[in-house]
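Right, one structure below, let's go through it.
There are 2 protein chains.
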Amino acid sequence: MSRKKVIFSLIENETDRKVSHKKRHIGLLKKAQELMTLCEVEMDVIIYSPYSNEPKVFPNHGVAISTFRKFKEFATSENKKIW
Amino acid sequence: MSRKKVIFSLIENETDRKVSHKKRHIGLLKKAQELMTLCEVEMDVIIYSPYSNEPKVFPNHGVAISTFRKFKEFATSENKKIW
DNA sequence: CTAACTATAATTAGTGT
DNA sequence: CACACTAATTATAGTTA
Numbered sequence: 156m157s158r159k160k161v162i163f164s165l166i167e168n169e170t171d172r173k174v175s176h177k178k179r180h181i182g183l184l185k186k187a188q189e190l191m192t193l194c195e196v197e198m199d200v201i202i203y204s205p206y207s208n209e210p211k212v213f214p215n216h217g218v219a220i221s222t223f224r225k226f227k228e229f230a231t232s233e234n235k236k237i238w
Numbered sequence: 156m157s158r159k160k161v162i163f164s165l166i167e168n169e170t171d172r173k174v175s176h177k178k179r180h181i182g183l184l185k186k187a188q189e190l191m192t193l194c195e196v197e198m199d200v201i202i203y204s205p206y207s208n209e210p211k212v213f214p215n216h217g218v219a220i221s222t223f224r225k226f227k228e229f230a231t232s233e234n235k236k237i238w
């Protein structure tokens, strides 16, 4: 995305992939924070990666739980067949 | 972010805010998709906004449920006091 | 391995239709 | 309203230390 266009598939080289992951992980959460702040949005992001033993929960555990519960309630009330 | 630097607070004008939300919502999910594809990452994003009656669940309901369950199991096993 | 730098690609605020 | 355009900002691949 900068010195070269991104090729839209898994980055084969492990070192490159790890570095890219770190940068993009930061970038994604920054974008998420901006969307929440600039517009009136409630959101959460949960990320699992091979580079960390624990999931990254954004913005925090409390919001993630609250948001997921609302999602589950919505899906149930809408009688969606997803459970 | 383009013709003007972004001011990091709620966009007061409702029309501007709605337009910005639409653009940034698309942009965020694109970045999320890229992170998943380029690096080996499992993730989900749930977004609530005043502009839609239903939450946006990315990449889909099944992944969101799976990811959230893993998060809950992790938190429980780690004996975190978050429930 | 990490972190800083920088050239270039990608995103997007403002604008026009 | 939605979409296309584009100037300007922001993100980041590759590089250097």
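Quick mapping for you: the protein sequence lines, in order, are chains G and C.
Here the first sequence stands for residues 156 to 238, where the numbers follow my numbering.
Here the second sequence stands for residues 156 to 238, where the numbers follow my numbering.
From the three backbone atoms N, C-alpha and C, an ideal C-beta is built for every residue, glycine too.
Bear in mind the structure is a predicted one, so any value in this text is a computation, not a measurement.
DSSP beta-bridge partners of residue i
i      : result
E197/G : Y203/C
V212/C : I201/C
Sub-8 Å separation of residue i and residue j beta-carbons
i      : j      : result
L190/G : L183/C : yes
V218/G : S204/C : no
R158/G : C194/C : no
F229/G : P214/C : no
V212/G : F226/C : yes
M198/G : I201/C : yes
K160/C : K186/G : no
Residue i, buried or exposed, once every other Cβ within 10 Å from all chains shown has been counted against 16
i      : result
T222/G : buried
I162/C : exposed
I181/C : exposed
Closer than 7 Å: residue i CB and nearest the ligand GTP heavy atom
i      : result
F229/G : Absence of the ligand GTP is noted for the structure shown, with no ligands found whatsoever.
| Near-chain C residues of the region 190 to 217 of chain G (beta-carbon distance less than 8 Å), N- to C-terminal order | L190, T192, L193, C194, E195, V196, E197, M198, D199, V200, I201, I202, Y203, S204, P205, E209, P210, V212, H216 and G217
| query | Residues in the region 175 to 188 of chain C with C-beta within 8 Å of chain G's C-beta atoms, listed in sequence order? | reply | S175, H176, R179, H180, G182, L183, K186 and A187
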